[in-house]
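Engineer: Sharing a structure with you now.
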Amino acid sequence: MLTSQLVQALPVLLLIVVGVLVRAGGLVDRASRLTLTRLVYYVTIPAAIFSSISRSELSLALLALPVIGFLLPCALAGVMYAATRHIADQPARRGVLLVAMVVLAVFAYPFFEVYYGLDGLAHMAMFDVGNALFAGTVALWLAAHFGQNGDRRQSIGWRKMLTSPLLVAAVAGIGMSLSDVTLRGPLWEALELLRAANTPLAMIAVGSFLEPQAAHLGLIARYVGVRMVLGGVAGLGLALLLGLDGLGVVTACVGSAMPAGTTALVYAGTEGLDTEFAASLISGTLLVGVVVIALLPLLLAGVYM
Numbered sequence: 062m063l064t065s066q067l068v069q070a071l072p073v074l075l076l077i078v079v080g081v082l083v084r085a086g087g088l089v090d091r092a093s094r095l096t097l098t099r100l101v102y103y104v105t106i107p108a109a110i111f112s113s114i115s116r117s118e119l120s121l122a123l124l125a126l127p128v129i130g131f132l133l134p135c136a137l138a139g140v141m142y143a144a145t146r147h148i149a150d151q152p153a154r155r156g157v158l159l160v161a162m163v164v165l166a167v168f169a170y171p172f173f174e175v176y177y178g179l180d181g182l183a184h185m186a187m188f189d190v191g192n193a194l195f196a197g198t199v200a201l202w203l204a205a206h207f208g209q210n211g212d213r214r215q216s217i218g219w220r221k222m223l224t225s226p227l228l229v230a231a232v233a234g235i236g237m238s239l240s241d242v243t244l245r246g247p248l249w250e251a252l253e254l255l256r257a258a259n260t261p262l263a264m265i266a267v268g269s270f271l272e273p274q275a276a277h278l279g280l281i282a283r284y285v286g287v288r289m290v291l292g293g294v295a296g297l298g299l300a301l302l303l304g305l306d307g308l309g310v311v312t313a314c315v316g317s318a319m320p321a322g323t324t325a326l327v328y329a330g331t332e333g334l335d336t337e338f339a340a341s342l343i344s345g346t347l348l349v350g351v352v353v354i355a356l357l358p359l360l361l362a363g364v365y366m
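This note's numbering puts the first residue of the sequence shown at 62, with every later residue one more than the last.
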């Protein structure tokens, strides 16, 4: 069973290799990679979220996932702040570690669809709503506070948060799921094409950022310990505490153990954080993330599903 599901996931892993080759071949530079990431964030991910949630049967367990997705990084940011007191004189670098509590949940989308179908995709999408709320509020404030270009007095951008494409797609999907309306025709077919495009585009984008460097290994290891290891354990504990079971438990744990998201690099560029370190952090944690996303969902499913 485990071997067969890993074989199913192999094409997704190969798409990451395509992204690495695209970057190594000089077809994209850093600006192009960020543009591709934005295309995925604003177009294909929302289409995948809406399509999967609108066809799902909503439950209290499903609605608990965004709560975990938001509250957990808030707590882990506090842990990371305490764990990085030795670089208090390097706010631009310390800020990256705090902002990077936003995980690359899109990394898990194709794998959850391969392993668990559209229901799995819907679960991870709901978890990612909480992750997106953190990115648009707390993470944005942290970037401004620690960045050289940011305004330390900046308030949380509620308008920006409420218009997040991930949140809008999730709310629209929930509304569609609760209603008796069924989308058909060209509009639905176009959405399905965009949903299908999400896996190749997202994984190629992820692969294009996979550029491991020997620098900053100590800080990257600290991040892995706090966000991915402690985060995964805490996500599992919260899910069980809230009474989730089955796919809900798997999603909470795996989603909480994902690598650093490209949000850290985007905010580093706009707010004056350490962009070189942000790129190294994303690349380094992606290597760990490949192993985590390939194996952890299957191991957890053997226990909780």
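Just so you know, even glycine gets a beta-carbon here, dropped at the ideal spot from N, CA and C.
Since the model is a prediction, treat every value here as computed from it, not as a measurement.
Alpha carbon to alpha carbon, how far is Val-353 from Pro-134? Give it in angstroms, no decimals.
Structural biologist: C-alpha separation (whole angstroms): 18 Å.
Engineer: Output the distance between the C-alpha atoms of Gly-191 and Pro-247, rounded to the nearest integer angstrom.
Structural biologist: Distance between the alpha carbons of Gly-191 and Pro-247: 31 Å.
Engineer: Restricting to runs no shorter than 4 residues, where is the alpha helix (DSSP H) found entirely within the stretch 166-253?
Structural biologist: As far as the stretch 166-253 is concerned, its whole alpha helix (DSSP H) runs of at least 4 residues are 170-197, 199-207, 219-223 and 226-239.
Engineer: My output table needs one value for Ala-321: the three-state DSSP class, helix, strand or coil.
Structural biologist: Three-state result, Ala-321: strand.
Engineer: If you follow the alpha helix (DSSP H) that Ser-115 is part of, which residue opens it and which one closes it?
Structural biologist: Run containing Ser-115: 106-115, per the alpha helix (DSSP H) assignment.
Engineer: On the DSSP bridge list, what partners appear for Val-164?
Structural biologist: Note: Val-164 sits in a beta bridge opposite Ala-321.
Engineer: Would you tell me roughly how many angstroms separate the C-alpha atoms of Leu-227 and Leu-255, rounded to the nearest one?
Structural biologist: Rounded to the nearest angstrom, the two C-alpha atoms are 14 Å apart.
Engineer: How is the alpha helix (DSSP H) around Val-349 delimited, first residue to last?
Structural biologist: 336-365 is the span of the alpha helix (DSSP H), which, as asked, contains Val-349.
Engineer: Just the Cα atoms here: how many angstroms apart are Ala-318 and Gly-292?
Structural biologist: So the alpha carbons of these two residues sit roughly 6 Å apart.
Engineer: Within 8 Å, do at least three Cβ pairs link the stretch 323-331 to the stretch 292-307?
Structural biologist: Verdict: no, contact absent.
Engineer: What would DSSP say about Ala-153, mapped onto helix, strand or coil?
Structural biologist: It is helical.
Engineer: Measuring alpha carbon to alpha carbon, tell me which of Ala-313, Arg-245, Phe-207 and Gly-139 ends up nearest Tyr-284.
Structural biologist: If we check each option's Cα against that of Tyr-284, Gly-139 comes out closest.
Engineer: Do the CB positions of Leu-299 and Ala-313 come within less than 9 Å of each other?
Structural biologist: In this structure, Ala-313 lies closer than 9 Å to Leu-299 by Cβ.
Engineer: Taking Gly-234 as the reference, which of Gln-69, Ala-109 and Ile-77 has the closest Cα?
Structural biologist: It is Ala-109 whose Cα lies nearest to the Cα of Gly-234.
Engineer: Tell me which same chain residues have a C-beta within less than 8 Å of the C-beta of Val-73, skipping the five on either side of it?
Structural biologist: Here the set comprises Pro-171, Phe-172, Val-175, Thr-260 and Met-264.
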